[in-house]
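**Student:** So that we are looking at the same thing, I have put the structure below in structure tokens.
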Amino acid sequence: MPSDTTDRWMPVALSADLPARTVMPARIGAETIALWRSASGQAAASADRCPHRGMRLSHGFVRGEALSCIYHGWRYAKAGNCLGIPAHPGLTPPETIRVATFPVVEQDGFVWVGKGAPQSQPPRLEGLSPLRSLTATATIAAIEAAAGASTDADGLLKPAGAADGLCLLLSDQADGQTLMHVLLDHRAKSRERIAASRFAETLRRRAEALAVEGARP
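Written out as structure tokens, the structure reads:
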């Protein structure tokens with residue numbers, strides 16, 4: 004996606020990479036968030052700092068429908084309100100104790116997180132199946148140069164010379180990094196999936212080499 008993340012949906016992870024009852028760090032541009040999935044399968048996104056002592060919530064754990072801080076166990080709902088404080092089991096936490104949250108949409112095998120107030124839904128990726136994700140130490144511009152093609156308005160890139168149906172969904176991670184999601188025609192066979200994965204790795208290395216060359220004085 005474009006580097007300006009204001010009022011945009013960002014494809015932060017593959018759905019398959021976020022099993023139930025797990026939490027993982029993800030990024031929206033330069034900002035790290037805690038991406039988690041409840042026991043019932045609902046994906047949620049929270050700011051990555053517990054209001055109590057500032058511990059990263061992405062280091063925490065999921066129990067039931069709540070995300071708990073690993074430090075003192077403060078529990079937060081998907082909406083961001085504090086559900087409980089283990090040191091004070093009889094206390095109903097005040098509404099002022101909250102973590103910031105982000106809108107989440109899960110579709111077409113991706114978890115999309117919105118920053119700001121997106122005015123529309125994430126783009127549909129019909130006919131495409133997510134294969135894997137790679138982080139490249141290269142900007143979107145370097146990846147485009149390596150691919151010999153440009154991203155479209157939805158952040159999709161179809162590299163020159165790639166097999167039919169192979170494309171990349173790019174998400175700017177700031178600090179010169181880009182998250183590359185590899186997509187393939189949903190009818191692709193095993194050998195085509197392996198070839199697509201190798202193609203993406205080669206493209207990443209080419210983009211990173213171009214990024215290094217561009218950084219030289």
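No gaps in the numbering here: position 119 of the sequence shown is 122 in the working numbering, and each next residue is one more.
Every residue, glycine too, gets a C-beta built ideally from N, C-alpha and C.
Only a predicted model underlies this, so the values are computations on that prediction, with no experimental measurement involved.
1. Skipping 5 residues on each side, what residues in its chain have a beta carbon closer than 8 Å to that of Gly151?
2. Could you give the residue range of the beta strand (DSSP E) that holds Glu34?
3. Please name the residue or residues paired with Phe64 in a DSSP beta bridge.
4. Just reading off the beta strand (DSSP E) that Ile31 is part of, what are its end residues?
5. Please report the Cβ distance between Asp175 and Ile143, rounded to the nearest whole angstrom; I am assuming they are in contact, meaning their Cβ atoms lie under 8 Å.
6. Report the partner residues of Met196 according to the DSSP bridge assignment.
7. Could you name the residues that DSSP lists as bridge partners for Gln180?
8. Would you mind stating whether Arg24 and Val65 have Cβ atoms separated by less than 7 Å?
9. What do you reckon, are the CB atoms on Val185 and Leu134 nearer than 7 Å?
10. Considering only C-alpha positions, which residue in the set Ala139, Leu38, Ile31 and Leu86 is nearest to Ala214?
11. How big is the Cα-Cα spacing for Ala16 and Leu159?
12. Go to Ala48, then tell me how far its alpha helix (DSSP H) extends in each direction, as first and last residue.
13. Using only the alpha-carbon positions, how far apart do Ser71 and Leu38 sit?
**Tutor:** Quick answer:
1. Residue numbering aside, residue 151 sits at position 148 when the sequence shown is read from its first letter. Correct list, in chain order: Pro162, Ala163 and Gly164.
2. On the sequence shown, position 31 is the one that residue 34 refers to. Residues Glu34 to Arg40.
3. Here residue 64 refers to the residue found at position 61 when the sequence shown is read from its first residue. Its beta-bridge partners are Ser71.
4. The count along the sequence shown starts at 1 and reaches residue 31 at position 28. Run containing Ile31: Thr25 to Ile31, per the beta strand (DSSP E) assignment.
5. Locating residue 175 in the sequence shown gives position 172, where the first residue counts as 1. Locating residue 143 in the sequence shown gives position 140, where the first residue counts as 1. Yes, Asp175 and Ile143 are in contact; Cβ-Cβ is about 6 Å, under 8 Å.
6. One-based indexing of the sequence shown puts residue 196 at position 193. A small correction: the amino acid at residue 196 is Arg; Met does not occupy that position in the sequence shown. Answer is none; Arg196 lacks a bridge partner.
7. Position 177 of the sequence shown, counted from the first residue, corresponds to residue 180. Gln180 pairs with Ala177.
8. The sequence position of residue 24 within the sequence shown is 21, counting from 1. The sequence position of residue 65 within the sequence shown is 62, counting from 1. Yes, they are a contact pair.
9. As a position in the sequence shown, residue 185 is number 182, starting the count at 1. As a position in the sequence shown, residue 134 is number 131, starting the count at 1. Yes; because the gap between Cβ atoms is below 7 Å, this pair is in contact.
10. Position 211 of the sequence shown, counted from the first residue, corresponds to residue 214. When Ala139, Leu38, Ile31 and Leu86 are compared, the shortest CA-CA separation from Ala214 is found for Ala139.
11. Along the sequence shown, read from residue 1 onward, the residue named residue 16 stands at position 13. Along the sequence shown, read from residue 1 onward, the residue named residue 159 stands at position 156. Cα to Cα, Ala16 sits roughly 15 Å from Leu159.
12. On the sequence shown, position 45 is the one that residue 48 refers to. First-last for Ala48: Ala46 to Ala50, but that is the beta strand (DSSP E), not the alpha helix (DSSP H).
13. Here residue 71 refers to the residue found at position 68 of the sequence shown. Here residue 38 refers to the residue found at position 35 of the sequence shown. The straight-line gap separating the alpha-carbon atoms of Ser71 and Leu38 is approximately 12 Å.
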